[in-house]
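To keep things clear, I will list the structure first and then write my remarks on it.
There are 2 protein chains.
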Amino acid sequence: MAEELKKSATRAAGTKVRILTAAEHLFTARGFAGVTMREVARRSATNVASAHYHFGSKEGLVIEMLRHRIAPINAERLRLLDEAKHQSGGKPLEPIVIFTALLLPIGQAATGSKGPDSRFMQLVGRSFTEPASFLEKVHRRLFQELSDIFMVELRRSHPDAQEEDLFWNLHFVVATMLGALANHRRLAPFSGGLCKDKDVAEMIQRLIVFAAGGFASSIENIKPRSN
Amino acid sequence: MAEELKKSATRAAGTKVRILTAAEHLFTARGFAGVTMREVARRSATNVASAHYHFGSKEGLVIEMLRHRIAPINAERLRLLDEAKHQSGGKPLEPIVIFTALLLPIGQAATGSKGPDSRFMQLVGRSFTEPASFLEKVHRRLFQELSDIFMVELRRSHPDAQEEDLFWNLHFVVATMLGALANHRRLAPFSGGLCKDKDVAEMIQRLIVFAAGGFASSIENIKPRSN
DNA sequence: CCTTTGCTTAAACGATCGTTTAAATAGAAA
DNA sequence: TTTCTATTTAAACGATCGTTTAAGCAAAGG
Numbered sequence: 182m183a184e185e186l187k188k189s190a191t192r193a194a195g196t197k198v199r200i201l202t203a204a205e206h207l208f209t210a211r212g213f214a215g216v217t218m219r220e221v222a223r224r225s226a227t228n229v230a231s232a233h234y235h236f237g238s239k240e241g242l243v244i245e246m247l248r249h250r251i252a253p254i255n256a257e258r259l260r261l262l263d264e265a266k267h268q269s270g271g272k273p274l275e276p277i278v279i280f281t282a283l284l285l286p287i288g289q290a291a292t293g294s295k296g297p298d299s300r301f302m303q304l305v306g307r308s309f310t311e312p313a314s315f316l317e318k319v320h321r322r323l324f325q326e327l328s329d330i331f332m333v334e335l336r337r338s339h340p341d342a343q344e345e346d347l348f349w350n351l352h353f354v355v356a357t358m359l360g361a362l363a364n365h366r367r368l369a370p371f372s373g374g375l376c377k378d379k380d381v382a383e384m385i386q387r388l389i390v391f392a393a394g395g396f397a398s399s400i401e402n403i404k405p406r407s408n
Numbered sequence: 182m183a184e185e186l187k188k189s190a191t192r193a194a195g196t197k198v199r200i201l202t203a204a205e206h207l208f209t210a211r212g213f214a215g216v217t218m219r220e221v222a223r224r225s226a227t228n229v230a231s232a233h234y235h236f237g238s239k240e241g242l243v244i245e246m247l248r249h250r251i252a253p254i255n256a257e258r259l260r261l262l263d264e265a266k267h268q269s270g271g272k273p274l275e276p277i278v279i280f281t282a283l284l285l286p287i288g289q290a291a292t293g294s295k296g297p298d299s300r301f302m303q304l305v306g307r308s309f310t311e312p313a314s315f316l317e318k319v320h321r322r323l324f325q326e327l328s329d330i331f332m333v334e335l336r337r338s339h340p341d342a343q344e345e346d347l348f349w350n351l352h353f354v355v356a357t358m359l360g361a362l363a364n365h366r367r368l369a370p371f372s373g374g375l376c377k378d379k380d381v382a383e384m385i386q387r388l389i390v391f392a393a394g395g396f397a398s399s400i401e402n403i404k405p406r407s408n
């Protein structure tokens with residue numbers, strides 16, 4: 182274990198993160214198919230062969246970069262959910278609390294160390310719509326467990342709702358989030374400049390309210406409170 | 182004019198729609214960057230040079246195919262909205278009516294002549310998240326006017342709401358639609374098979390309820406009914 | 001010191017890309 | 001039929017792709 186830490190402290194580790202950072206910026210701007218390994222190499226001041234040495238292939242680089250970015254977000258989601266469960270003392274969580282745990286970490290990730298990096302949000306949203314089939318496996322591995330955990334809480338807070346309805350509406354919440362992330366740069370021009378695309382935190386807050394409202398309305402319309 | 186009709190009845194027109202159809206299927210399955218002109222040519226039983234002859238370039242083919250598919254959907258949206266305005270007799274429309282006019286034609290387009298073509302829905306959703314910059318101009322031309330018209334009705338039905346809030350929440354409705362379209366094939370595996378991805382009509386109905394609920398909840402939370 | 005191991009590099013490989021050129025073909029006009 | 005224009009075709013162009021090879025380099029172990 183001490184050896185591993187030592188190894189990862191060598192100059193190779195620096196190259197690896199330089200490649201990852203360059204790849205993230207480029208893939209964000211132009212998609213996975215639109216970026217070449219040579220561009221990644223040039224931007225990271227390395228070599229095409231070096232990227233293949235560290236990541237095996239272009240697919241490997243894409244997968245590693247996504248995991249590197251998404252894993253901390255999911256960890257924060259679970260942390261917020263756990264925190265809320267602790268504070269509720271065993272009682273079912275309010276839906277808006279559940280969705281806050283799901284959506285807030287996205288905004289935190291987007292407002293990183295160097296100020297709001299609104300472009301990163303596009304990357305996550307786009308990774309779901311890219312046709313690359315190898316991404317499906319990654320998404321399954323990254324999100325299946327998270328989805329299951331959040332479904333447990335949704336079930337607890339809606340004991341009368343049908344399983345199918347909960348799935349559909351959680352799907353819509355996620356779809357709203359992904360769609361808003363992927364497209365939010367287009368809002369400013371469409372609103373004639375009225376809505377700024379820089380204020381990520383405001384958007385997330387609005388998004389949480391919208392998602393919780395849509396979820397509640399949809400569940401209630403299908404299964405009215407028993408009477 | 183008679184000459185144009187005659188011209189468009191020549192064998193060239195047949196080639197053109199064969200190319201468009203082949204392009205639609207391929208782009209749907211693998212994205213714009215993931216499909217080559219040679220594949221389009223092979224699938225349409227033509228030639229690479231023929232596609233360039235008719236569409237000028239790969240970009241031209243993509244643009245023409247999108248317009249060919251989206252224009253009828255937008256026409257149907259405006260028709261439904263007009264129909265609703267006629268039936269309401271000058272009174273502001275209910276939000277759910279507005280969103281039905283916006284979302285229902287998508288489902289109709291997806292359940293085409295040869296039964297539900299659920300894959301087409303991905304294409305529309307993806308066209309918004311693809312990084313290809315030339316698509317932004319197309320989207321502006323295809324959707325700006327539509328957006329303006331629907332905003333007019335939203336304003337009429339929410340006279341007390343602030344312009345900015347209406348924009349944000351219309352954006353969320355569109356984001357939900359696009360996200361749901363682009364990702365809806367992933368719902369089935371994530372739900373363990375409980376939610377089928379074939380029943381497009383059911384999804385659209387659920388989507389309308391969700392969107393209207395989210396919109397209403399969000400507008401009300403920000404600006405409570407005057408009291 | 002030298003060897004070994006992990007990492008980096010330049011150069012090349014074969015394949016395939018979007019696009020173009022120029023010749024062949026078809027259908028309407030004459 | 002002959003002429004002319006519109007369409008289709010085969011072949012090639014130059015560029016660039018992801019990946020690999022093999023040589024060079026740095027640092028730790030002996």
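Going down the list, the protein sequences come from chains A and B. Going by my numbering, the residue at position 188 of the first sequence is 369; the numbering climbs one at a time, nothing skipped. Going by my numbering, the residue at position 155 of the second sequence is 336; the numbering climbs one at a time, nothing skipped. Even glycine gets a Cβ: it sits at the ideal position worked out from N, Cα and C.
Item, Value
"When DSSP labels each residue in this structure, what does A/Thr-227 get in the three-state scheme?", "coil"
"Hey, would you say A/Leu-419 sits closer than 9 angstroms to A/Ile-287, going by beta carbons?", "The requested residue 419 of chain A does not occur in the structure, where chain A is confined to residues 182 to 408."
"Which residues of chain A have a Cβ atom closer than 8 angstroms to the Cβ of B/Asn-350, listed in chain order?", "Arg-387, Phe-391"
"Would a C-beta distance cut-off of 9 angstroms place A/His-249 and A/Leu-201 closer than the cut-off?", "yes"
"Taking the beta carbon of A/Lys-197 as the centre, do at least 16 other beta carbons fall within 10 Å, making it buried, or is it exposed?", "buried"
"Taking Cβ-Cβ distances below 9 angstroms as the criterion, which residues of the region 358-385 of chain A are in contact with chain B?", "Met-358, Leu-359, Gly-360, Ala-361, Leu-362, Ala-363, Asn-364, His-365, Arg-367, Leu-368, Pro-370, Phe-371, Ser-372, Gly-373, Leu-375, Cys-376, Glu-383, Met-384"
"Comparing C-alpha positions only, which one of A/Asp-380, A/Ala-393, A/Glu-401, A/Arg-223 sits nearest to A/Met-302?", "A/Asp-380"
"Which residues, in order along the region 320-332 of chain A, keep a beta-carbon less than 8 angstroms from a beta-carbon of chain B?", "His-320, Arg-321, Phe-324, Gln-325, Ser-328"
"By the three-class DSSP mapping on this structure, what secondary structure does B/Glu-275 have?", "coil"
"Along the chain, where does the alpha helix (DSSP H) containing B/Asp-341 start, and where does it finish?", "No alpha helix (DSSP H) contains B/Asp-341, which DSSP labels as neither H nor E."
"Relative to the C-alpha of B/Thr-310, which candidate in A/Phe-348, A/Thr-209, A/Ile-251 has its C-alpha closest?", "A/Thr-209"
"Taking only beta-carbon atoms, is B/Ser-338 less than 9 angstroms away from chain A?", "no"
"In chain order, what residues of the same chain have a beta carbon less than 8 angstroms from the beta carbon of B/Ile-389, not counting five sequence neighbours either side?", "Ile-277, Phe-280, Thr-281, Leu-284, Leu-285"
"Locate the alpha helix (DSSP H) running through A/Leu-262, then write down its first and last residues.", "239-269"
"Name, please, each residue of chain A whose Cβ falls closer than 9 angstroms to the Cβ of B/Thr-310.", "Gly-212, Gln-303, Gly-306, Arg-307, Phe-309, Thr-310, Glu-311, Leu-359, Gly-360, Ala-363, Asn-364"
"Taking C-beta pairs closer than 9 angstroms, name the residues in chain A that B/Phe-236 reaches, listed in chain order.", "Going along chain A, no residue has its Cβ under 9 angstroms from B/Phe-236, so there is no contact; the nearest lies around 20 angstroms."
"Could you tell me the alpha carbon to alpha carbon distance between A/Lys-187 and B/Pro-370, rounded to whole angstroms?", "At A/Lys-187, the pLDDT of 41 sits below 50, so the modelled position is not reliable and the matter cannot be decided from this model."
"Count the other CB atoms within 10 Å of the CB of B/Phe-315; is the residue buried (16 or more) or exposed (fewer)?", "exposed"
"Going along chain A, which residues have a C-beta under 7 angstroms from B/Gly-215?", "Ala-214, Pro-312"
"Report the rounded CA-to-CA distance for B/Thr-227 versus B/Glu-240, giving the unit in angstroms.", "18 angstroms"
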